[in-house]
Structures are given as structure tokens and as C-alpha cells.
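Written below as C-alpha cells is the structure these notes are about.
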């Protein structure tokens, strides 16, 4: 089955928001064994939407539209699709009842424009929801299935997982399915991983291998096709074990949610160790990255953000003479920050970051010069200096956070026991 996604919304074309809907839809279709061959993005314009529908109708068996289902004048998706298909729009009473109840509870009287969110296609199928106000709709036009879904990501994901994907699984006759397995590695560049995978990528058609580079982190995807999910997963796992064995020292784990942060936390949990962070240029970014992972409270005990020199002296107790002699951009300052944080928090480890986030140099130090130190109750404090490309403040800060996580992994030992 060939699928196409049409994202509707002028805000997408203006760069005001990212098109995350297409990612969420395509990922789920892929897991069903449905190939998404094309994607389109169009503005809130009748002619543009109609032209996109015509093109998709010619080349896809499944067309999914997102966005443009709200109550405003520029929410046109269902109207344009109804005109294109030559069908009427009708009100889904269940969704309309929910909309009226929802608005009245918030002191609003429903009006005719609110009712548009309960529109669906006569002779079609309605995907009702209580995660938002706009329902989803499906219409079968000959051999092509058209589906309209709301644009807000939370509403879209809810409808996909609770209604649309189960419906497609039951209604669509798929001759084959596919399964995707993601392996995560760190400490190697994209080209190095690609070279290591050549014995498999050049001689194996199923599963298909893919590589995606993140900051200091490489994801390898295995996409197997077969007659059942179980068969696909077996094919993936068999090859995955060979790849993991070949790249064991750099392996982080399986799954889309694995990251340097989740790996660090898992390693600390295994040893029942605690961690403190002490940040200057990243302003709490490292602590945020760690605590975004569920269960981080078992490991992360405290975080210090000491952005100004005075904070380093007053809150941490760093000797001002050390800063005067060595500067805040130095191994000495980074090591002192880590050691003071370790002592104050009473943790097993502490990691510190200090450096120049940019955009320009400071005190003779170039933008991108970053010092990262790790103090421990198990070994002497140690630090490294890095010079990241001065692309932007955000880039330098992001790279600093990821490098600190990788440095922690190296200190803990590079091999992984998953």
C-alpha cells in the first residue's frame, strides 16, 4: 500500500511551527508495513489543497490530511475534500454533543462555527475524540482511502493510536508487514558506523539498514519486511545481535527513546550511585536533559547553576584567587566546580561545565571553548577541554551537554551491559 501525507497550514510554510504531524503519521504507517512515498505541505488555500488532493489521488492508495479542521474561516480541509469527492458534510451528533458540553462547562455558548469541528463525510467513517474538539474523518473513494485528522500534535497522536491505526489494521488487507528496530551507538562518527556496517548493508536486503546521526550519538535502524510482526522482529533481532557484537564498546541500547542521558542514568542506577551537576554556560541544560528521563530522581540529587563569577565564589566557595589567576575558562575552575558540587551535594559523582557560549570570544577565549570536569569519590577529579564550532550559542550549549554525558559514560567505562 502506498501512502501520502498532506499537511495543511500556512503557519507550516511560514516556518512558525515544525511539521511534526508528518513524522508521527509516517512512523506509525511504517510500523504497519505501509510505505509513505510522498509528503506535501500546503497553505490554507482552497486551490492549493485541491491541487494537492488531485496529485495524491493519482499516486497513493491512502491519503492522510492533517490540519485545517478547526472553527475558523481558514480551516478549509474538510470542505475542500468534500467538494473534491463530491460528497456532503454532515454533523456527527456524538462529537457535537461533546463540543457543546465542553464549551458550556467553560462558560461559552456554542455557535455554528464550533459545529464545523463535528463535521464528517456522509457515507464515511468518523473518528470521535475527547482529546480535542475536532473529530477525524475517513472516506473511501474507489480504491483510495482519504483520512482527515486535526493538526495539534496531542490531538493527532491520540486519534492515531486509539482510532486510526487500529481501524487500518482491521480494515486494510496488508499482504506484508514490517518491523523497525533501532540500535543506538556513541563514540563513533557516522562514516565509521557506516564502514562497520558494510558487511551487512552490501549483502543483505532484509532487513534494510539505515543510519541517523544525532549530536555525539548514532542511530542504526533495521527495517524488516515479512508476513507477520513476529517474523519481522525475529529477522531484526538476529542481525541486531551480530551488529551489537561487532560494535559492543560503543553500544547504548535498543529503542527510539535511548539517549546518552538515559544510558548514563541506567548505568548509575545499576551501581546505586548519585550525581550532581554544576553548570555555567549551559545554564541548567545538562540537569534538564537528565531529568527529562523518567526515574532520574533516583540518580540526580542536586544541580547548581552558577552563571556569574560571584555565584561560583559565594555559592560554591571557589577561591576567587583561583579564578583571578586561571579565569573561569580553565581546567582549574572546572575541576573546582565539580569538586565543590560533589562535596556540597554529597553525591558519588559530580560533573561541571564552564566555557564560552558565544556568539563572540570572551577574555581572549574563543566561542566554543568548553571545559568539562568530573569529580568522584572513586577517583581523582579530571577535566577535558573542547573547541566546538561557533555556529550559534544554542549549538555550543547543546554540544556541551551531550559531550558531558559522553564524558560520564567514558569515566564509567565504555562497554555497555544491556
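Residue numbers (the numbering used here): 55 to 472.
Here a beta-carbon is modelled for each residue, glycine too, at the ideal position from N, C-alpha and C.
How far does the alpha helix (DSSP H) with residue i in it reach, from first residue to last?
| i | result |
| --- | --- |
| residue 327 | No alpha helix (DSSP H) contains residue 327, which DSSP labels as neither H nor E. |
| residue 111 | 100-113 |
| residue 151 | 147-159 |
| residue 137 | 131-139 |
| residue 382 | Run containing residue 382: none; DSSP gives neither H nor E here. |
| residue 247 | 244-255 |
| residue 230 | Element bounds for residue 230: n/a, residue is neither H nor E. |
| residue 479 | Any question about residue 479 goes unanswered here, given that the chain covers just 55 to 472. |
Taking Cβ to Cβ, would you say residue i is nearer than 9 angstroms to residue j?
| i | j | result |
| --- | --- | --- |
| residue 361 | residue 423 | no |
| residue 458 | residue 399 | no |
| residue 130 | residue 117 | no |
| residue 100 | residue 133 | yes |
| residue 216 | residue 183 | yes |
| residue 95 | residue 122 | no |
| residue 455 | residue 428 | no |
| residue 392 | residue 363 | no |
| residue 47 | residue 137 | No information on residue 47 is available, as it lies outside the stretch 55 to 472 that the chain covers here. |
| residue 354 | residue 329 | yes |
| residue 451 | residue 411 | yes |
| residue 308 | residue 237 | yes |
| residue 242 | residue 272 | yes |
| residue 114 | residue 91 | yes |
| residue 52 | residue 394 | Outside the displayed range of the chain (55 to 472) lies residue 52, so it cannot be described from this structure. |
| residue 162 | residue 125 | no |
| residue 231 | residue 191 | no |
| residue 149 | residue 180 | yes |
| residue 314 | residue 463 | yes |
| residue 176 | residue 214 | no |
Could you pull the start and end residues of the beta strand (DSSP E) that residue i belongs to?
| i | result |
| --- | --- |
| residue 339 | Counting along the chain, residue 339 falls outside any beta strand (DSSP E), though it belongs to the alpha helix (DSSP H) covering 339-345. |
| residue 74 | Careful: residue 74 lies outside any beta strand (DSSP E), inside the alpha helix (DSSP H) at 74-86. |
| residue 427 | 423-430 |
| residue 192 | 190-195 |
| residue 406 | 403-409 |
| residue 278 | 271-280 |
| residue 179 | 179-181 |
| residue 354 | 354-359 |
| residue 93 | 89-96 |
| residue 454 | Careful: residue 454 lies outside any beta strand (DSSP E), inside the alpha helix (DSSP H) at 447-466. |
Closest to residue i by CA distance: which of the options is it?
| i | options | result |
| --- | --- | --- |
| residue 447 | 413, 198, 439 and 467 | 413 |
| residue 83 | 62, 442, 70 and 57 | 57 |
| residue 80 | 171, 340, 219 and 68 | 219 |
| residue 193 | 135, 347 and 63 | 135 |
| residue 187 | 162, 209 and 363 | 209 |
| residue 302 | 285, 240, 256 and 324 | 240 |
| residue 465 | 426, 450 and 111 | 426 |
| residue 87 | 461, 234, 258 and 443 | 234 |
| residue 461 | 444, 450 and 440 | 440 |
| residue 419 | 444, 350 and 293 | 444 |
| residue 207 | 156, 71 and 295 | 71 |
| residue 312 | 141, 177 and 348 | 348 |
| residue 141 | 151, 161, 124 and 195 | 195 |
| residue 293 | 266, 309, 258 and 318 | 258 |
| residue 105 | 60, 180 and 147 | 60 |
| residue 359 | 352, 160, 332 and 143 | 332 |
| residue 396 | 315, 431 and 267 | 431 |
| residue 286 | 164, 260 and 185 | 260 |
| residue 417 | 381, 55 and 366 | 381 |
| residue 341 | 325, 160, 318 and 323 | 318 |
| residue 323 | 295, 352, 296 and 346 | 352 |
| residue 270 | 345, 247 and 198 | 247 |
| residue 350 | 326, 365 and 159 | 326 |
Are there 16 or more other CB atoms within 10 angstroms of the CB of residue i, so buried, or fewer, so exposed?
| i | result |
| --- | --- |
| residue 453 | buried |
| residue 170 | buried |
| residue 112 | exposed |
| residue 244 | exposed |
| residue 153 | buried |
| residue 178 | buried |
| residue 471 | In this prediction, residue 471 scores a pLDDT of 38, lower than 50, which makes its location untrustworthy; no coordinate-derived value is stated. |
| residue 343 | buried |
| residue 402 | buried |
| residue 305 | buried |
| residue 389 | buried |
| residue 467 | exposed |
| residue 69 | exposed |
| residue 199 | buried |
| residue 155 | exposed |
Closer than 8 angstroms to a non-hydrogen atom of the ligand FAD - does that hold for the CB of residue i?
| i | result |
| --- | --- |
| residue 457 | Within the structure as shown, the ligand FAD is missing, as the structure has no ligands at all. |
How about the segment 200-213 and the segment 66-82: do they share at least three Cβ pairs that are nearer than 8 angstroms?
yes
The segment 273-282 / the segment 334-342 touching (three or more Cβ pairs under 8 angstroms):
No, because fewer than three Cβ pairs between the segment 273-282 and the segment 334-342 fall closer than 8 angstroms, the two stretches do not touch.
Inter-stretch contact at 8 angstroms, needing at least 3 Cβ pairs: the segment 248-260 / the segment 288-305:
yes
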